[in-house]
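The next block holds one structure in the form of structure tokens; read it before the comments.
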Amino acid sequence: MTQRPDGRPQRAALWTEADLPVAAEALLAGGLVAFPTETVYGLGVRADDPAAVARLYAAKGRPRFNPLIAHVVDLGAAEALAELPAEAMRLATAFWPGPLTLVAPRRPGGRVCDLAAAGLATVGVRVPAHPVALALLRAVGVPLAAPSANPSGRVSPTTAAHVMAGLAERIDGVLEGGPCTVGVESTIIGFDPAPVLLRPGGVTAEALEAVLGHALAVPPGSRITAPGQLASHYAPGARLRLGATAPRKGEGWLGFGPDAVPAGTCTRSLSARGDLEEAAANLFGHLRALDSAMGGTGTIAVAAVPDEGLGRAINDRLRRAAAPREEP
Ligand code: TXA
Ligand code: MG
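Note that our numbering has the sequence shown beginning at -1, numbered continuously upward.
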């Protein structure tokens, strides 16, 4: 990233859509640029530039064995990177552009460098639905490797301000695109050769199964096949207590459904009408707001969320946010 004359990193630029050509130029030059997608903000670098990918891993503090998703402009661009099996093509046709990542064998000669793929024989590809993301991909003309634009292990960003709060000193710029409408990351499907749910996300398992005409497999042995699916993830400073019916004294409260939300700065509702789409869109922003209201300590009690549809992705993220921390 760019440096001040004294060698200290410069604060990231905040670009609007009108500055898109500047953001594209920074990416083409090997820079780190955060951009909006419909799920969460991504931190993009060109997927074919190992030096840029190495800077990206360093900026996020991300373990290098954790591969990145390649974002592309359309199905044809995805096929240039990955050998998509027939069922992957059906899912791509039904859900792209959209919050679905398909993991398939890397195509020899495809423009995803080994470091972006973490040395795996497969690659995750996705066509995002956000118009700014698509315009950026069109402008750069190369696939963009893009994890969520947060320091590794922390809460994913759903606004440009969230990105700035976590990474401003470590990246070149953020392209503003408003709040993310889906709010949880893409669903990840692998092929074994049957479709396997590697991460629940913005496209529900039910919707995928309706297109496939059969049930999705779950990874044998463990649900954790995507290396990023480490136990502790999405972690705020405060602890979470899940499946709560009410806050205990001194706890914050993250509610769901028609139950009254206690008054106070440390309380929020994911969706008062019990709507899972609204809850997903609010999840990370509310976690951040509550964490900040709690001063990054104490406990946030979280109401039960139904484990169906988008609720599966919400509960997956909540469980990881509540998991014991790896760091002391
Ligand atoms: O919605 C999203 O998917 C967002 C936006 C920015 O597109 N991106 C995102 O990236 O969530 P990230 O890096 O935070 O999560 C990507 C997940 C990781 O768990 C990673 O291990 C998994 O995808 N993944 C990527 N390539 C894979 C592969 N070849 N095999 C298995 N898992 C893979
Ligand atoms: Mg992430």
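Backbone N, C-alpha and C fix where the C-beta goes; we use that ideal spot for every residue, glycine too.
Note that this is a predicted model, so its numbers are computed, not measured.
Note down, in chain order, each residue of its chain lying with its Cβ closer than 7 Å to the Cβ of residue i, except the 5 sequence neighbours on either side.
| i | result |
| --- | --- |
| T179 | E36, A279 |
| A119 | P103, R104 |
| E85 | F189, P193, L210 |
| R6 | Legend: pLDDT at R6 = 47, less than 50; position of this residue unreliable, value from coordinates given subsequently. Contacts found: none. |
| P191 | P83 |
| A92 | V209 |
| E275 | L308 |
| A277 | F254, L268, S269, V303, I312 |
Return yes when at least one heavy atom of the ligand FMN lies under 7 Å from the C-beta of residue i, else no.
| i | result |
| --- | --- |
| P65 | Judged by which ligands are present, the ligand FMN is missing from the structure shown, whose ligands are the ligand TXA and the ligand MG. |
Do residue j and residue i come within 8 Å of each other at the CB atom, strictly closer than that value?
| i | j | result |
| --- | --- | --- |
| A143 | V43 | yes |
| G164 | P155 | yes |
| F282 | S267 | no |
| V194 | L285 | no |
| G122 | V101 | yes |
| L288 | G250 | yes |
| L113 | P48 | yes |
| L214 | E207 | yes |
| A68 | A45 | yes |
| L308 | T202 | yes |
| A32 | A137 | no |
| G171 | E183 | no |
| R109 | P141 | yes |
| L18 | L134 | yes |
According to DSSP, simplified to helix, strand and coil, what is residue i?
| i | result |
| --- | --- |
| G262 | coil |
| G175 | coil |
| P19 | helix |
| A320 | helix |
| G241 | strand |
| A215 | strand |
| R315 | helix |
| P48 | helix |
| V110 | coil |
| L118 | coil |
| T91 | helix |
| R124 | strand |
| L26 | helix |
| F189 | strand |
| S290 | helix |
| G199 | coil |
| V161 | helix |
| R310 | helix |
| F282 | helix |
| R104 | strand |
| L54 | helix |
| V70 | coil |
Go through its chain and collect everything with a Cβ distance to residue i's Cβ below 6 Å, but skip five positions before and after it.
| i | result |
| --- | --- |
| D314 | P198 |
| T241 | Reading off the sequence, residue 241 comes out as Gly, not Thr. Here the set comprises A302. |
| K247 | none |
| I222 | Here the model assigns I222 a pLDDT of 43, short of 50, so the residue's position is not dependable, and the following value carries that caveat. Here the set comprises nothing. |
| G272 | G255 |
I believe residue i touches residue j by the beta-carbon criterion, under 8 Å. Please report the beta-carbon distance rounded to the nearest angstrom.
| i | j | result |
| --- | --- | --- |
| L12 | E174 | 6 Å |
| H231 | Y39 | Going by Cβ atoms, the distance from H231 to Y39 rounds to 16 Å, so no, they are not a contact pair. |
| T99 | I169 | No, T99 and I169 are not in contact; Cβ-Cβ is about 22 Å, not under 8 Å. |
| A90 | L82 | 7 Å |
| A233 | G151 | 6 Å |
| P129 | G59 | About 30 Å separates the two Cβ atoms, so there is no contact after all. |
| P95 | A127 | 4 Å |
| M162 | A10 | 7 Å |
If you drop the 5 nearest sequence neighbours on each side, which residues of the same chain put their C-beta closer than 8 Å to that of residue i?
| i | result |
| --- | --- |
| P225 | Confidence is the limiting factor: at P225 the pLDDT is only 43, short of 50, which leaves the residue's position unreliable and the question unanswerable from this model. |
| R237 | G296, T297, I298, A320 |
| R88 | V209, L210 |
| V259 | W251, G253, T265, R266, S267, A270 |
| A50 | G28, G29, L30, V43, R44 |
| A52 | L113 |
| V216 | V194, L195 |
Contact criterion: CB-CB distance below 8 Å. Does residue i meet it with respect to chain B?
| i | result |
| --- | --- |
| G59 | This model lacks chain B altogether, as it is built from one protein chain only. |
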